[in-house]
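Numbering (UniProt numbering), first residue to last: 1 to 252. These notes are about the structure you will find just below.
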Ligand SMILES: NC(=O)c1ccc[n+]([C@@H]2O[C@H](COP(=O)([O-])OP(=O)(O)OC[C@H]3O[C@@H](n4cnc5c(N)ncnc54)[C@H](OP(=O)(O)O)[C@@H]3O)[C@@H](O)[C@H]2O)c1
């Protein structure tokens with residue numbers, strides 16, 4: 001297990017799914033956490049579980065990344081309680097599946113704004129706190145859907161576009177922050193099985209066969225690998241899998 005002892009880490013979308021798995025795993029690695037998301041009750045449940053195992057209770061701050069005022073208020077709340085941040089994990093983003101019926105304007109705005117506007121404004125707002133860290137990192141969770149020439153494959157066009165734009169935010173930040181201590185790292189996961197560290201499937205995941213889907217554990221381990229590289233290296237990682245990955249599996 002990587003050592004993040006004493007690092008202050010902010011994770012968005014931390015109340016469930018991959019964000020919750022990241023929260024539990026990074027807490028086990030010694031990080032002090034700030035958990036963000038729309039569902040305060042879900043954040044508190046994750047924080048309770050972490051407090052029970054590590055003795056350190058994460059701070060929970062509710063934020064809707066699609067709401068500009070909400071993003072500003074969340075940034076202010078984090079700045080009131082923390083002098084610096086070592087790692088920001090931009091994990092939260094609204095999902096929207098493809099379907100035959102038209103998507104509403106509200107859905108489209110929610111998807112685009114949570115992934116692009118929210119990721120950018122939240123990161124920009126927290127940059128002064130990151131700049132006070134000796135090891136400042138931004139990790140953005142993209143998607144194979146957001147890669148150039150990525151397959152649509154059941155994903156809605158707004159989500160596809162949002163993930164491409166979110167990738168541009170992370171890559172633009174890397175260019176903007178070149179020559180500063182802050183790294184901008186991006187990971188592109190394939191379709192994931194939503195398993196948590198307490199599930200038996202988590203311990204069994206390393207033994208998965210090549211044809212099996214990726215899991216939250218694969219992304220957590222890639223994040224830990226990326227942030228523990230020497231500081232002259234900023235990684236972009238594509239996690240591929242035969243099922244739900246970059247290339248469709250060939251039928252026999
Ligand atoms: N699951 C996959 O197969 C897969 C594959 C590739 C990439 N990803 C990416 O991985 C990240 C985590 O997704 P997931 O797999 O855990 O499933 P998910 O169902 O897509 O979860 C989305 C997460 O983002 C949060 N979120 C959604 N809209 C938000 C908003 N407007 N403001 C703040 N938070 C918001 C949700 O929390 P609340 O609802 O509590 O706010 C939830 O924690 C996302 O960026 C997703 O695009 C997932």
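Yeah, the Cβ is synthetic: ideal placement off N, Cα and C, and Gly gets one too.
Taken from the Cβ of residue 200, every heavy atom of ligand 1 lies 7 Å or farther away. Relative to ligand 1, the beta carbon of residue 176 is positioned no closer than 7 Å to any heavy atom.
Judged by beta-carbon spacing, residue 121 lies within the 8 Å limit of residue 71, meaning their Cβ atoms are closer than that value. The count of Cβ pairs closer than 8 Å, one atom from the stretch 171–188 and one from the stretch 91–102, stays below three, leaving the stretches out of contact. Burial of residue 90 is indicated by the presence of at least 16 other C-beta atoms within 10 angstroms of its C-beta.
Per the C-alpha coordinates, the member of 42, 243, 56 and 196 positioned closest to residue 144 is 243. In the three-state DSSP reduction, residue 223 falls in the helix class (H, G or I). Three or more beta-carbon pairs drawn from the stretch 32–43 and the stretch 75–92 are found closer than 8 Å, and the two stretches are therefore classed as touching.
The DSSP-derived three-state label of residue 135 is coil. The residue from 22, 60 and 9 with its alpha-carbon nearest to that of residue 198 is 22. Annotation: residue 68 is outside any beta strand (DSSP E); the continuous alpha helix (DSSP H) that includes it extends over 68–81. Among the bridge pairs identified by DSSP, residue 32 is matched with 8. Taking residue 205 as the centre and dropping the five residues before and after it, the same chain places the C-beta of 215 and 217 closer than 6 Å to its C-beta, in chain order. The DSSP-derived three-state label of residue 59 is strand. Taking C-beta atoms as the reference points, residue 115 and residue 166 count as a pair closer than 8 Å. For residue 214, the secondary structure class from DSSP, reduced to helix, strand or coil, is strand.
Remark: the C-beta of residue 37 is in contact range of ligand 1, defined as less than 7 Å to any heavy atom.
Short note on residue 141: C-beta closer than 7 Å to some heavy atom of ligand 1. Taking the Cα positions, residue 130 is about 22 Å away from residue 67. At a cut-off of 7 Å, the beta-carbon of residue 194 counts as near ligand 1: some heavy atom of the ligand is closer than that. Distances from the alpha-carbon of residue 224 to those of 213, 238, 139 and 203 put 139 closest.
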